[in-house]
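J.: Add 16 to the 1-based position in the sequence shown for full-length UniProt numbering, that's all there is to it.
We put the CB at the ideal spot given by N, CA and C, even for glycine.
Source: prediction; values computed, not measured.
The structure that follows is given in the form of structure tokens.
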Amino acid sequence: ERGRLLFAGPVDFLKGVVAMSGLPPADRIEVCFAGRSNVGKSSLINALTGRKAIARASNTPGRTQEINFFALGESHYLVDLPGYGYANAPLDKVAAWQALLKKYLSGRQSLRRAFVLIDTRHGIKSVDEEIMSLLDSSAVTFQCVLTKADKVKDKDREAVLEQVRAKLAKHPAAYPEIIMTSSEKGDGIATLRAVIATLE
Ligand code: GTP
Ligand code: MG
Numbered sequence: 017e018r019g020r021l022l023f024a025g026p027v028d029f030l031k032g033v034v035a036m037s038g039l040p041p042a043d044r045i046e047v048c049f050a051g052r053s054n055v056g057k058s059s060l061i062n063a064l065t066g067r068k069a070i071a072r073a074s075n076t077p078g079r080t081q082e083i084n085f086f087a088l089g090e091s092h093y094l095v096d097l098p099g100y101g102y103a104n105a106p107l108d109k110v111a112a113w114q115a116l117l118k119k120y121l122s123g124r125q126s127l128r129r130a131f132v133l134i135d136t137r138h139g140i141k142s143v144d145e146e147i148m149s150l151l152d153s154s155a156v157t158f159q160c161v162l163t164k165a166d167k168v169k170d171k172d173r174e175a176v177l178e179q180v181r182a183k184l185a186k187h188p189a190a191y192p193e194i195i196m197t198s199s200e201k202g203d204g205i206a207t208l209r210a211v212i213a214t215l216e
């Protein structure tokens, strides 16, 4: 199917961006992965692309400090964002990348969808809601992706889904379907690939 075809092609790291002026031309279908530090953004990009470490993942919150662009064939960009919330890095540096993150999320013409990653163990926190409100006011459609599902028992997953559904209902830019994933086990990865392949 389409998701398989799109992700079977070449994936290349294009560049890491530290200022809006460094963004590549807005001429491809672009999706980004946003979320609190350590939620699993870089790991999800690795799982989607089937590359073990094309995006740098680490147990240290604050690993990704630039806006990293990955070219998926010639039609799409996957964008790995620095985390928000706490991070293990100097405060002035963190402030600079948070400002860039907000500018990117509110002012990127070619951004078709922002995936907002939420740790299945923790649900939506207030920092996540701040980002969701920013996306609402920028009219950027966002979709919730629950991460690290392997760390939560089947029977406890429904309660998280309920909390997330209730919070999403208050955000006009939220896409209602929630995708539960595990980059470790592969759950939800094919579904997310198919969603990305559907965007035009
Ligand atoms: P920053 O770049 O620091 O904002 O973090 P990030 O959101 O990119 O997280 P990253 O992908 O670096 O993952 C953080 C930690 O969570 C790493 O130790 C990963 O191995 C782990 N992790 C990510 N996804 C999963 C998952 O699906 N299951 C489990 N068990 N661990 C995961
Ligand atoms: Mg990262």
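According to DSSP, is ASN62 part of a helix, a strand, or is it coil?
T.: ASN62 falls in the helix class under three-state DSSP.
J.: Can you tell me which of the three DSSP states ILE45 falls into?
T.: It is a strand residue.
J.: What do you reckon, are the CB atoms on LEU86 and ILE45 nearer than 8 angstroms?
T.: With the sequence shown as reference, residue 86 is identified as Phe, and Leu is not the correct amino acid for it. Going by C-beta atoms, PHE86 is not nearer than 8 angstroms to ILE45.
J.: Check this for me: beta carbons of LEU127 and VAL156, under 8 angstroms apart or not?
T.: Yes. Within cutoff.
J.: I need the boundaries of the beta strand (DSSP E) containing LEU162, first residue and last residue.
T.: First-last of the beta strand (DSSP E) with LEU162: 158-163.
J.: Classify LEU21: buried if its beta carbon has 16 or more other beta carbons within 10 angstroms, exposed otherwise.
T.: Exposed, since its Cβ has fewer than 16 Cβ neighbours within 10 Å.
J.: Have a look at the DSSP bridge pairing and note the partners of TYR100.
T.: Looking at the DSSP assignment, TYR100 forms a beta bridge with ARG52.
J.: Beta-carbon within less than 8 angstroms of VAL180's beta-carbon, same chain only, minus the 5 sequence neighbours each way: which residues are those?
T.: These residues qualify, in order along the chain: ILE134, GLY139, ILE140, CYS160, LEU162, ILE194.
J.: Considering only C-alpha positions, which residue in the set ARG52, ILE147, SER122, ASP172 is nearest to ASN104?
T.: Of ARG52, ILE147, SER122, ASP172, the residue nearest in Cα terms is ARG52.
J.: Determine the closest residue to GLN125 out of TYR93, LYS109, PRO98, TYR102, with distance taken between C-alpha atoms.
T.: Looking at the Cα atoms, TYR93 is the closest of the given residues.
J.: Using 10 angstroms around the beta-carbon of ARG18, count the other beta-carbons present and answer buried if the total reaches 16, otherwise exposed.
T.: Burial call: exposed.
J.: Could you tell me the alpha carbon to alpha carbon distance between GLU200 and LEU97, rounded to whole angstroms?
T.: So the two alpha carbons sit approximately 20 angstroms from each other.
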